[in-house]
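So the structure is just underneath, and the comments pick up after that.
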Amino acid sequence: MGRYVIRRLLQMIPVFFGATLLIFLMVNVMGDPIAGLCGQIQCDPATTAQLRAQYGLDQPLWQQYATYMGNVFQGDFGTAFNGQPVTELMAAAFPVTIRLTLVAICFEIVIGISLGVLTGLWRGRPIDTGVLLLTLVVISVPTFVTGLLLQLLLGVEWGIIKPAVSPGAPLDELIVPGLVLASVSLAYVTRLTRTSIAENARSDYVRTARAKGLPRHRVVTRHLLRNSLIPVVTFIGADVGALMGGAIVTERIFNIHGVGYQLYQGIVRQNTQTVVGFVTVLVLVFLLINLLVDLLYAVLDPRIRYA
Numbered sequence: 050m051g052r053y054v055i056r057r058l059l060q061m062i063p064v065f066f067g068a069t070l071l072i073f074l075m076v077n078v079m080g081d082p083i084a085g086l087c088g089q090i091q092c093d094p095a096t097t098a099q100l101r102a103q104y105g106l107d108q109p110l111w112q113q114y115a116t117y118m119g120n121v122f123q124g125d126f127g128t129a130f131n132g133q134p135v136t137e138l139m140a141a142a143f144p145v146t147i148r149l150t151l152v153a154i155c156f157e158i159v160i161g162i163s164l165g166v167l168t169g170l171w172r173g174r175p176i177d178t179g180v181l182l183l184t185l186v187v188i189s190v191p192t193f194v195t196g197l198l199l200q201l202l203l204g205v206e207w208g209i210i211k212p213a214v215s216p217g218a219p220l221d222e223l224i225v226p227g228l229v230l231a232s233v234s235l236a237y238v239t240r241l242t243r244t245s246i247a248e249n250a251r252s253d254y255v256r257t258a259r260a261k262g263l264p265r266h267r268v269v270t271r272h273l274l275r276n277s278l279i280p281v282v283t284f285i286g287a288d289v290g291a292l293m294g295g296a297i298v299t300e301r302i303f304n305i306h307g308v309g310y311q312l313y314q315g316i317v318r319q320n321t322q323t324v325v326g327f328v329t330v331l332v333l334v335f336l337l338i339n340l341l342v343d344l345l346y347a348v349l350d351p352r353i354r355y356a
């Protein structure tokens with residue numbers, strides 16, 4: 050196990066550098082950030098030259114990337130165009146998005162897996178057909194439509210929730226935004242769990258467990274569910290990074306000042322330091338979560354061993 054972890058960590062190094070280099074190049078071709086900083090009025094040549102030198106934009110692109118990565122390893126993610134360090138923006142945004150992501154993941158695990166197990170065990174029955182139709186509708190409706198509809202009904206018409214989340218983003222106000230963020234992924238988790246449960250229910254080890262006279266709940270929880278959750282865990286693990294980086298729409302609808310909000314502001318204002326800094330951290334999060342998911346395989350299936 051230890052050698053496997055070390056090998057995976059070594060494999061993450063070129064992936065990290067390759068992903069950050071790609072993001073750095075993509076962000077730097079979005080446009081001239083100095084032009085966006087000056088607004089509608091064009092900066093004079095002297096001011097433009099001064100700003101480019103101040104932010105290191107007068108250097109070759111490879112040198113900019115090398116300087117940026119050197120600063121990152123020292124804990125310096127640069128400075129936004131408003132003079133605020135990017136690390137301060139991260140300290141304010143990431144806790145909010147992490148809470149929102151945890152709420153969304155809880156919905157996926159509790160509701161998605163529960164419905165998937167229920168429909169997988171009762172495949173072909175009316176409840177199975179109804180859940181499949183419901184998940185298909187959820188997948189078909191865009192997230193911004195679901196978010197705006199729930200905001201209008203629950204927040205404006207019925208007054209059950211606040212239409213906009215408070216600046217502190219307390220956990221109770223993140224329940225509906227978390228449900229909106231998790232809606233599409235929840236539907237996929239339900240369908241994936243259903244398919245996996247239905248396939249493994251016909252396996253030899255399940256029939257053997259039933260032939261031994263084991264109680265139904267033990268057959269489901271100790272034998273059927275553990276093996277069936279492997280593809281589901283893979284999907285949820287990959288979805289954590291996607292939820293954190295893809296919460297732009299949800300955070301914009303409910304006015305949540307998290308990672309998605311900061312990325313949106315950075316893209317609109319062409320603030321390359323902010324965008325690259327946040328995406329760099331998201332790349333690290335995605336790599337570490339994928340490593341954790343791989344290690345969980347051995348917990349779910351004792352037959353899996355890492356050399």
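Per this note's numbering, residue 50 is the first one in the sequence shown, and the count goes up by one each step.
Heads up, the beta-carbon is just placed ideally off N, CA and C, and yes, glycines get one too.
- Annotation: the continuous alpha helix (DSSP H) that includes residue 232 extends over 224-249.
- Rounded to whole angstroms, the gap between the alpha carbons of residue 187 and residue 113 is 44 Å.
- When the alpha-carbon of residue 266 is set against those of 281, 64, 250, 127, the nearest one is in 250.
- The shortest C-alpha to C-alpha distance from residue 73 to any of 60, 332, 295 is the one to 332.
- The C-alpha of residue 262 is placed about 53 Å away from the C-alpha of residue 142.
- Taken in chain order, the complete alpha helix (DSSP H) segments of 4 or more residues contained in the region 134-177 are 135-156, 162-170.
- Residue 288 places its beta carbon 9 Å or farther from that of residue 162.
- About 6 Å separates the Cβ atoms of residue 316 and residue 324, confirming a contact at the 8 Å cut-off.
- Per DSSP, the continuous alpha helix (DSSP H) segment holding residue 52 begins and ends at 51-77.
- By the C-beta density criterion, residue 257 is exposed, having fewer than 16 other C-beta atoms within 10 angstroms.
- The residues 192, 195, 196, 199, 299, in chain order, have a CB closer than 7 Å to that of residue 229 in the same chain once the five nearest residues on each side in sequence are set aside.
- Counting C-beta pairs closer than 8 Å gives three or more between the region 280-287 and the region 232-242, which meets the contact rule.
- Just so you know, the alpha carbons of residue 184 and residue 236 end up roughly 5 Å apart.
- Burial check for residue 231: the Cβ neighbour count within 10 Å reaches 16 or more, so the residue is buried.
- The alpha-carbon separation between residue 309 and residue 252 amounts to approximately 43 Å.
- Across the structure, residue 293 and residue 62 are spaced so that their CA atoms are roughly 22 Å apart.
- Judged by DSSP secondary structure, residue 274 falls within the alpha helix (DSSP H) whose first and last residues are 274-294.
- Taking all protein chains shown into account, residue 157 has 16 or more neighbouring C-beta atoms within 10 Å of its C-beta and is therefore buried.
- If you draw a straight line from the Cα of residue 166 to the Cα of residue 297, it is about 31 Å long.
- The continuous alpha helix (DSSP H) containing residue 297 extends over residues 297-302.
- The beta carbon of residue 313 sits closer than 6 Å to the beta carbons of 297 from its chain, once the five residues preceding and following it are set aside; these are given in chain order.
- Secondary structure note for residue 317: its alpha helix (DSSP H) is the uninterrupted segment 308-317.
- Put simply, of 77, 52, 136 the residue whose alpha carbon is nearest the alpha carbon of residue 109 is 77.
- Residue burial is scored here from C-beta neighbours: residue 270 has fewer than 16 other C-beta atoms within 10 angstroms and is therefore classed as exposed.
- In chain order, 180, 239 place their CB closer than 6 Å to the CB of residue 164, counting only its own chain and leaving out the 5 sequence neighbours on each side.
- As a beta-bridge residue in DSSP terms, residue 128 pairs with 134.
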